[in-house]
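Position in the first sequence counted from 1, then plus 32, gives you my numbering. Notes follow once the structure below has been shown.
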Amino acid sequence: MPELPEVETVVRTLRPFVEGQSLQDIKVYWPRIVQGPLKRTWQGQTVKVLKRRAKFIVMQLDSGFLTTHLRMTGQLIPVDALPRRQMPHVHAAFVLTNGAILFQDVRKFGRIRFLGPADYALWESKLGCEPLEESFTADWLYESTRKRRRQLKPALLDQGFIAGLGNIYVDEALFVARLQPTRLAADLSRQDCSRLHGAIQKVLRKATAANGSSFMDFKFLGGQEGGYTDEMLVFRRTGLPCPRCKRPIERIVLGGRSTHFCRSCQI
DNA sequence: CAGAGCACCTGTGGGC
DNA sequence: TGCCCACAGGTGCTCT
């Protein structure tokens, strides 16, 4: 479900609820939601910072980090207190001093994990460049694509390359950059990379400002929907006219993912 | 190394 | 109405 703009929206709206609170308990109702050992060291620690890294929501504690990935259908819902009755699809809950955060996830793909400081550093180093930070430049993109002999779409979905892009925003950014998703990353010119760099940042910034997009069931604060859904240019618009040339948007499958693009505008 | 296929899960919508 | 299939914003595995 959520890509960078959606995860960023979740983090921003949850931050005032979470930061400064102490983590009293973690309730786990479906054990497979936990990755690795959930040692008790987190108990009683203060949440110093809530931040996003790639598509992960990271609670920085006094010593260690609690990471959450929403995958396709996960949601974090703040509540005043743990519900008395088990709610549908709620598989875990973070109990804080002032309430709780429920982890609801229809498809059960989401995961939580506790990482000690050393483990966190290693884990963090394997994630790719943050596309809205200063280190992500057109030059960096050009140099980094030189050695990637793979198609643009799967290359941009690789979280160890650029962190936070997903199916929606890759399709949208490639359309804005006028690049075909099947192009080899290594074949891009400097000018191509400059357009792609600008397109990625433009699309992510606009989507984040609109609180992301809600196609199926992305919601934040337990019910609000993202405002970017109606801004989509090609994503899930198969057969509809291209916003630039009016020829029908095509849908193909690349890397196992639905891919939407305009064959005449994107070269 | 790149790409295809499948696995993990549940729900929804379309076609017959 | 009911059944079957395709598909869904992600990631990680095996096999070729």
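For every residue, glycine included, the Cβ atom is placed at its ideal position computed from N, Cα and C.
Assignment of Leu228 by DSSP, reduced to helix, strand and coil, places it in the helix class.
Around the beta-carbon of Met248, fewer than 16 other beta-carbon atoms lie within 10 Å, marking it exposed. Here Val235 carries a helix assignment [DSSP, helix/strand/coil]. In this model, Arg85 and Asp219 are separated by some 29 angstroms (Cα to Cα). Residue range Asn199 to Val208 is occupied by the alpha helix (DSSP H) that includes Ile200, with no beta strand (DSSP E) assigned at that position. Across the set Thr45, Gln118, Ala153 and Arg47, the C-alpha of Ala153 shows the shortest separation from the C-alpha of Gly96. Per DSSP, the continuous alpha helix (DSSP H) segment holding Thr177 begins and ends at Ala170 to Thr177.
Assignment of Arg269 by DSSP, reduced to helix, strand and coil, places it in the coil class.
Val66 carries a strand assignment under DSSP once its states are collapsed to helix, strand and coil. Using a Cβ-Cβ distance cut-off of 8 angstroms, the region 132-147 and the region 96-107 are in contact, since at least three pairs of beta carbons, one from each stretch, lie closer than that value. Between Phe126 and Ile58, the gap from beta carbon to beta carbon is short of 7 angstroms. Within its own chain, the residues whose Cβ lies closer than 7 angstroms to the Cβ of Leu98, once the five positions on either side in sequence are excluded, are Trp74, Met91, Ile144 and Phe146, listed in chain order.
With respect to the 7 angstroms criterion, Leu159 and Leu36 are not classified as neighbours on the basis of their beta carbons. Boundaries of the beta strand (DSSP E) around Glu282: Glu282 to Leu286.
Per DSSP, the unbroken alpha helix (DSSP H) holding Leu188 starts and ends at Leu184 to Leu189.
Proximity to Tyr174 across Glu257, Arg227 and Leu253 peaks at Arg227, based on C-alpha coordinates. Here the alpha carbons of Arg210 and Gly192 stand approximately 24 angstroms from one another. For Asp57, the pairing in a beta bridge is given by DSSP as Val127.
When the beta-carbon positions are compared, Ala242 and Gly259 come within less than 7 angstroms of each other. For Val138, the three-state secondary structure derived from DSSP is coil. The beta carbon of Gly271 is closer than 7 angstroms to those of Pro280 and Ile281 in its chain, skipping five residues each way along the sequence.
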